[in-house]
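Protein chains: 2
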Amino acid sequence: MSKNQLQNELKKKRPFDSPEQEALLNILRTNDQFQNRFGRLFREFDLTASQYNVLRILRGEGKPMPCQEIGERMIQVVPAMTGLLDRLEAQGHIRRERCTEDRRVVYIELTDSAKDLLRRMDAPVNELHHQLIGHLTPTEMKQLSRLLEKARLSVQSKPP
Amino acid sequence: MSKNQLQNELKKKRPFDSPEQEALLNILRTNDQFQNRFGRLFREFDLTASQYNVLRILRGEGKPMPCQEIGERMIQVVPAMTGLLDRLEAQGHIRRERCTEDRRVVYIELTDSAKDLLRRMDAPVNELHHQLIGHLTPTEMKQLSRLLEKARLSVQSKPP
DNA sequence: TGTCGATAGTTCACACGTAATCTATCTGAC
DNA sequence: GTCAGATAGATTACGTGTGAACTATCGACA
């Protein structure tokens with residue numbers, strides 16, 4: 001009897017309970033392995049994946065952003081943002097500035113050194129992207145993205 | 161110009177740099193949303209995803225296992241296992257027993273109450289599986305699993 | 001004007017994941 | 001037999017994700 005790839009990776013003795021379970025575990029497993037690789041790359045630049053993500057979002061926006069808006073573009077909950085930003089600020093990658101019109105909001109701005117750092121990371125990051133899934137054909141990548149987007153339809157509405 | 165689904169979810173203004181990036185972000189995003197849902201379900205039973213995973217591996221094996229073997233079937237590194245097992249032991253879900261032949265290894269065993277708990281969780285867990293990706297056709301699920309397995313080929317060999 | 005509810009951000013407490021380091025034990029070569 | 005290196009776990013330190021509760025501020029309505 002031929003086991004499939006994931007079953008071997010997890011040293012699972014029995015087949016999966018359902019195709020749903022198999023697909024879900026494949027997603028979890030793939031994510032985990034890829035996250036590991038990204039984590040290792042980012043660590044070379046003294047960043048974590050989350051920190052890189054924040055910096056990248058800020059660069060994409062091109063101008064200062066409130067904490068909350070950054071949090072919305074990540075998956076993250078607000079409370080985690082505070083500590084994340086604390087560390088980025090301590091490292092000199094961002095600056096905080098309180099908005100004068102609405103004193104509740106704090107604007108986050110990239111520093112020049114962070115912009116430099118991002119520029120230096122661009123090539124290695126793209127290279128890793130390519131290394132990780134560059135062996136899929138363009139059609140397969142599109143198919144994969146489409147299937148994952150369809151899968152996510154089941155969680156689109158966030159219950160409060 | 162029509163943006164795609166992921167771009168909207170992330171409020172990304174510009175298109176992705178590459179199909180690779182898009183596919184990778186889709187994996188990360190999907191994983192995150194699904195993990196959230198599982199986390200919420202497990203919390204109702206006072207477990208975290210990792211804890212549930214450990215218990216489930218132990219049930220699948222059917223007999224006591226050394227810490228390390230459990231760690232290998234999860235993605236996790238060993239040091240994290242210690243604390244994880246500490247908490248499971250404190251909750252009465254597992255028992256630790258030192259092996260008499262090789263006194264370095266510690267065997268982990270499920271308690272009866274943990275087996276009960278797992279039984280009670282089976283239905284809700286399967287239901288969530290189905291709710292999350294039951295709307296894909298069987299063909300699509302197979303395709304998704306196959307694509308993810310192919311994607312993982314790039315990280316099969318673990319550099320020490 | 002004053003008060004009430006909403007909102008932005010913070011703080012705290014807890015469970016992880018990862019790396020580095022340590023201890024106890026085993027194994028194999030000499 | 002003994003000692004060196006390997007192996008199983010534990011410990012510590014740090015960054016992160018989550019929930020609950022708190023503070024400061026804003027806006028709207030009586």
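Top to bottom, those sequences are chains A and B. Just so we're aligned, residue 1 is where the first sequence starts under this note's numbering, counting upward by one. Just so we're aligned, residue 161 is where the second sequence starts under this note's numbering, counting upward by one. Where is the CB? At the ideal position from N, CA and C, for every residue including glycine.
Review point. Looking only at its own chain, which residues have a Cβ that is under 6 Å from the Cβ of residue 183 (chain B), when we skip the five neighbours before and after it?
Key: Contacts found: none.
Review point. Would a check of beta-carbon distances place residue 11 (chain A) closer than 8 Å to chain B?
Key: Yes - at least one Cβ of chain B is within 8 Å of the one on residue 11 (chain A).
Review point. So which of A:97, A:48, A:26 has the shortest CA-CA distance to residue 167 (chain A)?
Key: This structure leaves residue 167 (chain A) out entirely; chain A is present only between 1 and 160.
Point to revise | Straight-line gap, residue 50 (chain A) to residue 90 (chain A) (C-alpha atoms, nearest Å) | key: The straight-line gap separating the alpha-carbon atoms of residue 50 (chain A) and residue 90 (chain A) is approximately 15 Å.
**Study point:** chain B contact for residue 48 (chain A) (CB, 8 Å cutoff)
**Key:** Taking Cβ atoms only, chain B never reaches closer than 8 Å to residue 48 (chain A), which makes this a no.
**Study point:** chain A contact residues for residue 301 (chain B), given Cβ-Cβ distances below 8 Å
**Key:** Simply 19, 20, 22, 23.
Review point. Hey, quick one: how far does the alpha helix (DSSP H) through residue 285 (chain B) stretch, first residue to last?
Key: 272-293 is the extent of the alpha helix (DSSP H) around residue 285 (chain B).
**Study point:** Euclidean distance between Cα positions of residue 198 (chain B) and residue 288 (chain B)
**Key:** If I take the Cα positions, the gap works out to 8 Å.
Practice item. Anything in chain A within Cβ reach of residue 309 (chain B), meaning under 7 Å, just list it in chain order. Key: Those within 7 Å of residue 309 (chain B) in chain A are 5, 6, 26.
Practice item. For residue 133 (chain A), go through chain B and note every residue whose CB falls closer than 8 Å to its CB, in chain order. Key: The answer, in chain order, is 180, 183, 184, 311, 314.
Practice item. Could you tell me the distance, in whole angstroms, from the CA atom of residue 298 (chain B) to the CA atom of residue 116 (chain A)? Key: Roughly 47 Å separates the two Cα atoms.
Check your understanding: What residue range is occupied by the uninterrupted alpha helix (DSSP H) comprising residue 163 (chain A)?
Key -> Here chain A comprises residues numbered 1 to 160, so residue 163 (chain A) is not present and cannot be evaluated.
Review point. Which residues in the same chain have their Cβ closer than 8 Å to the Cβ of residue 93 (chain A), if we skip the five residues on either side of it in sequence?
Key: Only 51, 55, 110, 111, 113, 114, 117 meet the Cβ criterion.
Practice item. Would you kindly report the start and end of the unbroken beta strand (DSSP E) that includes residue 22 (chain A)? Key: Segment 19-44 is the alpha helix (DSSP H) holding residue 22 (chain A); no beta strand (DSSP E) there.
Review point. When you compare only the Cα positions, how much space is there between residue 99 (chain A) and residue 73 (chain A)?
Key: Roughly 20 Å separates the two Cα atoms.
Check your understanding: residue 158 (chain A): buried (16+ other C-beta within 10 angstroms of its C-beta) or exposed?
Key -> Residue placement at residue 158 (chain A) is flagged as unreliable, the pLDDT there being 43, under the threshold of 50; the coordinate-derived value follows with that caveat. Residue environment for residue 158 (chain A): exposed (fewer than 16 other C-beta atoms within 10 angstroms of its C-beta).
Check your understanding: In angstroms, rounded to a whole number, what distance separates the CA positions of residue 149 (chain A) and residue 173 (chain B)?
Key -> Straight-line measurement puts the Cα of residue 173 (chain B) at about 18 Å from the Cα of residue 149 (chain A).
Exercise for review: Using three-state DSSP, classify residue 265 (chain B) as helix, strand or coil.
Suggested key: In the structure shown, the three-state DSSP call for residue 265 (chain B) is coil.
Review point. Grouping DSSP H, G and I as helix and E and B as strand, with all else coil, what is residue 256 (chain B)?
Key: In this structure, residue 256 (chain B) counts as strand in the three-state DSSP scheme.
Exercise for review: Could you pull out every residue in the same chain whose Cβ sits closer than 6 Å to the Cβ of residue 238 (chain B), ignoring the five residues on either side in sequence?
Suggested key: The beta carbon of residue 238 (chain B) sits closer than 6 Å to those of 231, all from its chain and outside the five residues before and after it, given in chain order.
**Study point:** Under 8 Å by beta carbon: chain A residues contacting residue 270 (chain B)
**Key:** Correct list: empty, because the minimum Cβ distance to chain A is about 16 Å.
Exercise for review: Note down the Cα distance separating residue 126 (chain A) from residue 41 (chain A), rounded to an integer number of angstroms.
Suggested key: Each residue's Cα considered, the two are about 11 Å apart.
Point to revise | Where the alpha helix (DSSP H) through residue 239 (chain B) begins and ends | key: 238-250 is the span of the alpha helix (DSSP H), which, as asked, contains residue 239 (chain B).
Exercise for review: Taking 8 Å as the cut-off, decide whether the C-beta atoms of residue 188 (chain B) and residue 166 (chain B) are in contact.
Suggested key: Contact check for residue 188 (chain B) against residue 166 (chain B) fails: the beta carbons are separated by 8 Å or more.
Check your understanding: For residue 145 (chain A) and chain B, any beta-carbon pair shorter than 8 Å?
Key -> Under the Cβ criterion of 8 Å, residue 145 (chain A) is counted among the residues facing chain B.
Check your understanding: Does DSSP put residue 310 (chain B) in a helix, a strand or coil?
Key -> Reduced to three states, the DSSP call for residue 310 (chain B) is helix.
Check your understanding: Given that a residue counts as buried once 16 or more other Cβ atoms are within 10 Å of its Cβ, and exposed if not, what is residue 180 (chain B)?
Key -> Around the beta carbon of residue 180 (chain B), a 10 Å sphere encloses 16 or more other beta carbons of the protein chains shown; the residue is thus reported as buried.
Point to revise | Proximity test, Cβ basis, 8 Å: residue 81 (chain A) and chain B | key: Contacts with chain B at 8 Å (Cβ-Cβ) do not include residue 81 (chain A).
Review point. What residue from B:170, B:255, B:194, B:262 has the CA that sits closest to residue 57 (chain A)'s CA?
Key: Considering only alpha carbons, the answer is B:170.
Check your understanding: Hey, how far is the Cα of residue 136 (chain A) from the Cα of residue 242 (chain B)?
Key -> In this model, residue 136 (chain A) and residue 242 (chain B) are separated by some 38 Å (Cα to Cα).
Review point. Span of the alpha helix (DSSP H) holding residue 8 (chain A)?
Key: Where residue 8 (chain A) is concerned, the enclosing alpha helix (DSSP H) stretches over 5-9.
Check your understanding: Residues in the segment 190-202 of chain B with C-beta within 8 Å of chain A's C-beta atoms, listed in sequence order?
Key -> Listed by position along the chain: 190, 191, 192, 193, 194, 195, 196, 197.
Check your understanding: So is residue 287 (chain B) in contact with chain A if we call contact Cβ pairs under 8 Å?
Key -> At a cut-off of 8 Å between C-beta atoms, residue 287 (chain B) does not count as an interface residue with respect to chain A.
Exercise for review: Specify the secondary structure class of residue 299 (chain B) as computed by DSSP and reduced to three states.
Suggested key: In the structure shown, residue 299 (chain B) sits in a helix (DSSP, three-state: H, G or I).
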